[in-house]
Structure formats: C-alpha cells, structure tokens
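Report on the structure given below.
Structural data, given as structure tokens:
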C-alpha cells in the first residue's frame with residue numbers, strides 16, 4: 001500500500017458521508033498516473049500554489065489600487081484568508097480540507113488587475129459575459145504551463161467556477177450556481193465572509209469610512225473587531241448547518257445572514273462606490289481599455305507580452321485574437337499594467 005492509498009483509507013474513516021473523499025473524485029480531464037504520496041486534491045493544491053497565476057496575486061488589487069501601506073490586503077492575502085476560513089469550516093463539518101483548500105487557493109487566479117474595475121472594463125470591451133470566476137477556470141485549464149494547463153480534478157475545477165455570482169445570494173439556491181461538492185459551497189461562503197470582514201477593516205484603516213459609520217446592527221450582531229466578526233460568521237455557519245432529507249445543507253441564522261447582506265450593501269454604497277475608491281478605478285479602467293486596443297492592433301507587441309508573462313503564444317489560425325488579448329490583460333498585475341502603459345504611451349525625454 002502506498003502512502004497515498006493509506007491516506008485515502010484514513011480519509012474514508014474521518015470524512016463525513018456528505019464530504020468528498022479523494023478516492024471518489026471524478027478524476028482529471030487527462031488521465032495521469034496516481035502520485036504514490038499525495039492524494040488527487042493534495043496534488044491540485046500544490047499545483048495551484050506553484051503556478052504563475054498564484055504568484056501574480058501578490059500584486060493584484062483587492063480594494064485599494066496598488067496599496068503602498070504594508071497592512072492593506074492584496075488579492076493574494078485575500079486568497080489566503082479565504083483558505084483559512086474555508087478550512088476552519090470544513091474541519092468542523094468533517095469535510096475534505098485538501099479539496100476545500102485547493103478550491104480556495106485557486107478561486108481568484110483569473111481576477112483582473114485593479115480589482116472589479118478591471119473586470120468591468122473587460123465586460124465592456126471584450127464581452128458582457130466575462131467573469132473572473134470563468135477566467136480562473138480558464139487559467140488552470142488553458143493558460144498555465146504555456147497552454148498545457150494544470151489538469152486539475154473535476155471537483156476543484158467546479159468549485160473554482162462556481163465560487164462567485166457577483167452580487168447574488170450569499171448561499172445560492174439555483175442549481176446552476178451551486179458547486180457539486182459541499183466543499184465548493186463552503187468556499188463560496190468563506191469568500192464572502194473574508195471580504196466583508198477585511199474590506200471593512202481596510203476601509204477604516206484607510207480613512208474611507210470611520211468606525212462610527214459602521215451600521216449599529218453589524219456591531220451588535222457580528223462584533224466590533226475583525227477577529228470577533230470573523231468568529232461570529234464562521235461559528236454561525238458551522239452550528240446552523242445540518243443533514244436534511246435532501247442532503248447536507250449549509251445554513252446561517254436569519255439574524256447573521258441578514259446582517260451580512262446589510263454589511264455587503266453598506267460596503268458597496270460607502271466603500272466600493274465612494275469617490276476616493278471609485279475615481280481611481282475610473283482611471284484604471286481607462287488604462288486597461290487603451291492597452292486592450294493597442295494589443296489588438298500590434299501583433300508583435302502582443303506576442304512579446306505573452307512570452308514575458310509565460311502565457312501561450314497567439315496562433316492566428318487558432319483562438320480568436322480578442323480572447324487572447326483578454327487573457328493577456330486579465331493576467332496582468334496592477335504594477336505590470338501601469339508600467340506597460342507608461343512604456344507604450346508616455347514620452348521619454350531624448351535630450
């Protein structure tokens with residue numbers, strides 16, 4: 001018996017019946033020889049952590065563009081916080097922590113530079129159907145390893161694709177929005193718990209809002225500090241979830257659920273759409289739109305950027321050029337996009 005097989009046997013003993021054991025996975029799109037040491041989901045987690053897309057997250061915006069302060073979240077620290085929240089919930093509910101962590105670590109690999117303003121820009125200039133969730137799946141399926149992809153398991157790919165629905169329900173009810181695994185559904189909730197909590201924290205730290213502006217109900221129900229708020233939401237989902245006749249159901253108490261919806265609306269109205277944040281996003285969107293137009297018109301420059309960013313080369317006989325340019329823009333970090341814009345469009349003194 002290999003180390004992997006021994007661990008799979010132990011998984012069957014401690015993971016709840018509604019959890020997803022690695023040995024029960026639907027497998028990969030391309031068959032591979034099993035690893036003698038790691039389970040399928042452990043391999044997926046490692047592949048994501050060692051990917052180029054994961055490394056780029058450290059220089060992608062969460063809320064504040066290219067933050068200079070050491071304590072503001074980036075897309076990478078957001079991802080790590082999501083993974084920790086998701087693992088805590090998964091462990092308490094006896095789910096597969098490896099699967100949960102792999103989905104969490106990969107959920108934002110396709111996020112654009114400049115946060116959601118970048119996503120909005122690509123919706124306007126490329127396709128209204130563009131979403132960072134679908135782009136994250138494209139990163140692991142197509143863009144990593146210069147076109148080979150990471151060949152992840154079905155369950156991880158499904159969880160990445162269905163981790164977000166924009167301003168949709170915190171706990172989705174429509175079949176198409178729901179991940180196949182409970183682990184994937186946990187990551188969606190963990191994503192929302194993490195960003196509600198840390199975006200509020202960063203907004204106060206930056207001075208965009210004052211503590212006195214936080215709704216009284218949010219403080220009363222969830223707590224005053226980042227730590228207490230996180231604990232309140234995590235405990236609520238753990239203690240209210242249970243087996244029902246249709247299977248295991250993730251639930252929150254009405255009070256906490258309504259408070260989270262209220263807090264999300266508060267952040268949209270007072271942080272994400274505040275002049276201090278929104279005005280910078282307008283500038284960022286303009287940068288991405290001009291870069292998109294430039295790369296559409298200059299194939300040599302496009303090929304050079306693809307090589308530099310370790311993305312698959314553009315084949316005019318293969319994929320549509322607009323899609324390749326979209327991949328290029330979406331893969332950029334904030335500082336990469338800013339530097340490229342300066343290099344292309346800003347004059348350099350000659351004398």
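In full-length UniProt numbering, the protein residues as written are 1 to 351. Every residue gets a Cβ at the ideal spot worked out from N, C-alpha and C, and that includes glycine.
- Under DSSP, no beta-bridge partner is assigned to residue 305.
- Residue 111 and residue 256 have their alpha carbons spaced roughly 28 Å apart.
- Look at residue 174 here: in three-state DSSP terms it is coil, with no helix or strand label.
- DSSP assignment within the UniProt domain "HD" (75-196) yields no whole beta strand (DSSP E) run of 3 residues or more.
- Across the structure, residue 94 and residue 210 are spaced so that their CA atoms are roughly 39 Å apart.
- For the pair residue 129 and residue 164, the CB atoms are not nearer than the 9 Å cut-off.
- In the DSSP annotation of this structure, the continuous segment of the beta strand (DSSP E) that includes residue 242 starts and ends at 242-244.
- Under the DSSP definition of a beta bridge, residue 21 lacks any partner.
- Nearest to residue 304 by C-alpha distance, out of 340, 230 and 276, is 340.
- Judged by DSSP secondary structure, residue 248 falls within the beta strand (DSSP E) whose first and last residues are 247-249.
- According to the DSSP secondary-structure assignment, residue 28 is paired through a beta bridge with 153.
- For residue 341, the enclosing alpha helix (DSSP H) stretches over residues 334-345.
- Secondary structure of residue 39 (DSSP, three-state): coil.
- Taking a contact to require three or more Cβ pairs closer than 8 Å, the stretch 153-163 and the stretch 174-185 qualify as touching.
- Inter-segment contact for the stretch 314-322 and the stretch 90-107 is absent: fewer than three beta-carbon pairs are separated by less than 8 Å.
- The beta carbon of residue 315 sits closer than 7 Å to no other beta carbon from its chain once the five residues preceding and following it are set aside.
- Distance between residue 11 and residue 84, taken at the CA atoms: about 20 Å.
- Judged by pairs of C-beta atoms under 8 Å, the stretch 134-154 touches the stretch 43-53, as three or more such pairs exist.
- Setting aside the 5 residues that flank it on each side, residue 26 is surrounded in the same chain by 154, each with a C-beta closer than 6 Å to its C-beta; the list follows chain order.
- Taking residue 108 as reference, the option from 176, 125 and 190 with the minimal CA-CA separation is 190.
- With contacts defined as CB atoms closer than 9 Å, residue 267 and residue 203 qualify as a contacting pair.
- Of 13, 31, 35 and 247, the smallest CA-CA separation from residue 2 is found for 35.
- About 39 Å separates the CB atoms of residue 200 and residue 28; that is not less than 8 Å, and the two are not in contact.
- Rounded to whole angstroms, residue 106 and residue 74 show a C-alpha spacing of 15 Å.
- DSSP places residue 314 outside any alpha helix (DSSP H), giving it a letter other than H or E.
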